[in-house]
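Shown next, in structure tokens, is the structure this report addresses.
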Amino acid sequence: MTWEEMLPLLWPATVETAQMVGWATLFTAVLGLPLGVALVVFDRDGLRPLPALKSALGFVVNIGRSLPFIVLMIAIIPFTRLVVGTTIGTAAFVVPLTVGAVPFFARLVETALREVGRDVVQAAQAMGASRTAIVRKVLLPEALPGLVAGLTVTVVALVGYSAMAGTLGGGGLGDLAVRYGYQRFETLLMIVTVVLLLVIVQLLQSLGDWVARRLSHK
Amino acid sequence: MIQASGLRKQYGTTVALDGVDLHVREGEIYGVLGQSGAGKSTLLRCVNLLERPTAGTVTVAGQDLTALGDRELNRARQRIGMIHQHFALLSSRTVAGNVAFPLEVMGVPKRERERRVGELLELVGLQGRGKDRPHQLSGGQKQRVGIARALAGNPAVLLSDEATSALDPATTQSILALLKRLNAELGLTILLITHEMNVVKSVCDSVAIMSAGRVEESGAIADLIKTPGSRLTREIFPLPEPAPAGSVTLTFTGDPRQPVVSEVVRKFDVDLSILGGSIEDLAGGSVGRLRVALDGAEAGAALAYLRGTGLIVEVAGETREGRAA
Numbered sequence: 010m011t012w013e014e015m016l017p018l019l020w021p022a023t024v025e026t027a028q029m030v031g032w033a034t035l036f037t038a039v040l041g042l043p044l045g046v047a048l049v050v051f052d053r054d055g056l057r058p059l060p061a062l063k064s065a066l067g068f069v070v071n072i073g074r075s076l077p078f079i080v081l082m083i084a085i086i087p088f089t090r091l092v093v094g095t096t097i098g099t100a101a102f103v104v105p106l107t108v109g110a111v112p113f114f115a116r117l118v119e120t121a122l123r124e125v126g127r128d129v130v131q132a133a134q135a136m137g138a139s140r141t142a143i144v145r146k147v148l149l150p151e152a153l154p155g156l157v158a159g160l161t162v163t164v165v166a167l168v169g170y171s172a173m174a175g176t177l178g179g180g181g182l183g184d185l186a187v188r189y190g191y192q193r194f195e196t197l198l199m200i201v202t203v204v205l206l207l208v209i210v211q212l213l214q215s216l217g218d219w220v221a222r223r224l225s226h227k
Numbered sequence: 002m003i004q005a006s007g008l009r010k011q012y013g014t015t016v017a018l019d020g021v022d023l024h025v026r027e028g029e030i031y032g033v034l035g036q037s038g039a040g041k042s043t044l045l046r047c048v049n050l051l052e053r054p055t056a057g058t059v060t061v062a063g064q065d066l067t068a069l070g071d072r073e074l075n076r077a078r079q080r081i082g083m084i085h086q087h088f089a090l091l092s093s094r095t096v097a098g099n100v101a102f103p104l105e106v107m108g109v110p111k112r113e114r115e116r117r118v119g120e121l122l123e124l125v126g127l128q129g130r131g132k133d134r135p136h137q138l139s140g141g142q143k144q145r146v147g148i149a150r151a152l153a154g155n156p157a158v159l160l161s162d163e164a165t166s167a168l169d170p171a172t173t174q175s176i177l178a179l180l181k182r183l184n185a186e187l188g189l190t191i192l193l194i195t196h197e198m199n200v201v202k203s204v205c206d207s208v209a210i211m212s213a214g215r216v217e218e219s220g221a222i223a224d225l226i227k228t229p230g231s232r233l234t235r236e237i238f239p240l241p242e243p244a245p246a247g248s249v250t251l252t253f254t255g256d257p258r259q260p261v262v263s264e265v266v267r268k269f270d271v272d273l274s275i276l277g278g279s280i281e282d283l284a285g286g287s288v289g290r291l292r293v294a295l296d297g298a299e300a301g302a303a304l305a306y307l308r309g310t311g312l313i314v315e316v317a318g319e320t321r322e323g324r325a326a
């Protein structure tokens, strides 16, 4: 295969991967952040202890975390059809990607929020701050560098998941690797795909690290 | 100003507070002194209900906090400042942002907040440092930010949770001086807990000594010093305990230059040996404690003379009331 033949394949595949990962990241952040906050707030020694609810949420999160992504993708096909109306194509795979990444990110949010000192939270309570104010003005801003680091790890994981989505008809770089690298023995294209994924992951990680460092004032 | 009665706090089977009464008068600096684990931290946190006591009531500025719902309690807490051992500043905010935090919580408008933050930083001697981050400040400066933040809501009461324990001696003195000044200038009532006698000696008007979840002794320092056998006196003046049998311990307040010792030796046929002693400045005056041994034919008469001088005379081997054995 020549570069002239590869480029028209690589470019759209990269765009598809970016679309899948981009939308999935957005939905994961929107859904995973409140879930992570809930895991901390409803904890036994949280701001609003509701241990039963916390256990239930933790259980659901653990189910999501324990299923291998490829199994999860297949298992929730009916749900995907319900949401998007189809089960193939890039848009359809945003659903399993999000479902797979939300529990992962929620646990990272939980960990980041637990890093916020108890003394700071209690100081806010002593100042008469409501629970909502403590979450919004203390927990989230104080944990922001950790949250950004968690989101970075999640995005990198999503790039990996998206490659698996490619094998089931989601398109993107994973799909390219299966169809050309695996089925047609196009070694050069395979190597280029690998390098491209490496570069994407490196760039995402460096960007995430840089932002987290900028936000940290320790 | 702060009235706690019958406070009990239990964690499972552990009793942290075992029936504590506390009465802090308006405008005074009240110290709670005790070893770690004595329950003083729990006591302080029961005052603004960070810990809800298992039994008992807490009244601050005439309001029974234990009877309030969440919303009212938060409003009451806005009028009770608190400072912390490790400062508890928000690293995500600037110095000015930290001081503004309680004002935001209270819903003070932005312009008013900025004005008030400027005033508060000036009050604690940190004018011009508003844009700094907490990690750029020294420990003493961080605690000044903590104090400015605690005063944002014009509180009637300030609670201090070992506020100087993480600071070096010189910085401790400057923070204590600041607290003393705020107490005098703003009429701020301060309840502080500490394990350092030095803090009590330098700033407190009254003290409660705690151990094992109970208050062992409490009252105005000036009164406790005059109480024979008081634990406070023994702790401030660490003379060897127990005192040798027959030795006489004299506690004197007011002018330390009272020539009682030389008078006794001149007037009576006695030998007087000094076993130990020291003088401290506290509760607005000098207090001294001297332990002596009296020997000789007129030792009894000399002792009677000493008792007549108005000094507090304790004879080892006698009961605390000082009656002759």
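First to last, the protein sequences are chains A and B.
FYI, in the numbering used here the residues of the first sequence are 10 to 227.
FYI, in the numbering used here the residues of the second sequence are 2 to 326.
We put the CB at the ideal spot given by N, CA and C, even for glycine.
Residue interval of the alpha helix (DSSP H) (run including residue i)
| i | result |
| --- | --- |
| residue 147 of chain B | 140 to 151 |
| residue 161 of chain A | 149 to 174 |
| residue 39 of chain B | Taken as a continuous stretch (DSSP letters only), residue 39 of chain B belongs to no alpha helix (DSSP H), as it is neither H nor E. |
| residue 261 of chain B | 261 to 268 |
| residue 14 of chain A | 12 to 50 |
| residue 349 of chain B | This structure cannot settle anything about residue 349 of chain B, because the visible part of chain B is limited to 2 through 326. |
| residue 184 of chain B | 170 to 187 |
| residue 199 of chain B | 198 to 204 |
| residue 63 of chain A | 60 to 75 |
| residue 224 of chain B | 222 to 226 |
| residue 184 of chain A | 181 to 185 |
Rounded C-alpha distance that separates residue i from residue j
| i | j | result |
| --- | --- | --- |
| residue 261 of chain B | residue 13 of chain B | 56 Å |
| residue 273 of chain B | residue 318 of chain B | 18 Å |
| residue 129 of chain A | residue 91 of chain B | 7 Å |
| residue 15 of chain A | residue 97 of chain A | 24 Å |
| residue 178 of chain B | residue 30 of chain A | 58 Å |
| residue 198 of chain A | residue 208 of chain A | 15 Å |
| residue 9 of chain B | residue 69 of chain B | 18 Å |
| residue 265 of chain B | residue 258 of chain B | 15 Å |
| residue 76 of chain A | residue 112 of chain B | 53 Å |
| residue 67 of chain B | residue 121 of chain B | 30 Å |
| residue 201 of chain B | residue 186 of chain B | 20 Å |
| residue 30 of chain B | residue 158 of chain B | 10 Å |
| residue 136 of chain B | residue 226 of chain A | 7 Å |
| residue 43 of chain A | residue 115 of chain A | 8 Å |
| residue 3 of chain B | residue 71 of chain B | 20 Å |
| residue 136 of chain A | residue 105 of chain B | 11 Å |
| residue 218 of chain A | residue 46 of chain A | 22 Å |
Cut-off 7 Å between Cβ atoms - residues of its own chain near residue i, not counting five sequence neighbours on either side
| i | result |
| --- | --- |
| residue 107 of chain B | 79, 154 |
| residue 363 of chain B | The structure shown has nothing for residue 363 of chain B, since chain B only spans 2 to 326. |
| residue 310 of chain B | 261 |
| residue 321 of chain B | Summary for residue 321 of chain B: the model assigns pLDDT 47, below 50, so the residue's position carries little reliability, and this model does not support an answer. |
| residue 198 of chain B | 34, 236, 237 |
For residue i: DSSP bridge partner residues
| i | result |
| --- | --- |
| residue 9 of chain B | B:19, B:56 |
| residue 314 of chain B | B:251 |
| residue 215 of chain B | B:212 |
| residue 4 of chain B | B:24, B:60 |
| residue 83 of chain A | Residue 83 of chain A is not bridged to any residue. |
| residue 82 of chain B | B:159 |
| residue 65 of chain B | B:60 |
Cβ-based neighbour list, residue i, same chain, cut-off 6 Å, excluding 5 preceding and 5 following
| i | result |
| --- | --- |
| residue 22 of chain A | 181, 182, 185 |
| residue 325 of chain B | Confidence in residue 325 of chain B is poor, its pLDDT being 41 and thus under 50, which makes the residue's placement too unreliable to answer from. |
| residue 50 of chain A | 56, 57 |
| residue 117 of chain A | 159 |
| residue 312 of chain B | 251, 253 |
Beta strand (DSSP E) segment containing residue i, residue limits
| i | result |
| --- | --- |
| residue 93 of chain A | Here residue 93 of chain A belongs to no beta strand (DSSP E); instead the alpha helix (DSSP H) covers 86 to 93. |
| residue 31 of chain B | 30 to 34 |
| residue 275 of chain B | 272 to 283 |
| residue 1 of chain B | A question about residue 1 of chain B goes unanswered here, because the residues of chain B that appear run from 2 up to 326. |
Residues near residue i in its chain [Cβ-Cβ closer than 8 Å; skip 5 each side]
| i | result |
| --- | --- |
| residue 294 of chain B | 245, 247, 248, 249, 273, 274, 276 |
| residue 132 of chain B | 95, 96, 97 |
| residue 83 of chain A | 177 |
| residue 17 of chain B | 10, 11, 40, 43, 214 |
Outcome for residue i when other beta-carbon atoms lying within 10 angstroms are tallied against a minimum of 16
| i | result |
| --- | --- |
| residue 206 of chain B | buried |
| residue 323 of chain B | Only weak support is given to the placement of residue 323 of chain B: the predicted model assigns it a pLDDT of 42, under 50, and the value that follows is read from those uncertain coordinates. Exposed, because fewer than 16 other Cβ atoms sit within 10 Å of the Cβ of residue 323 of chain B. |
| residue 216 of chain A | exposed |
| residue 85 of chain B | buried |
| residue 253 of chain B | buried |
| residue 25 of chain B | buried |
| residue 270 of chain B | exposed |
| residue 94 of chain A | exposed |
| residue 263 of chain B | exposed |
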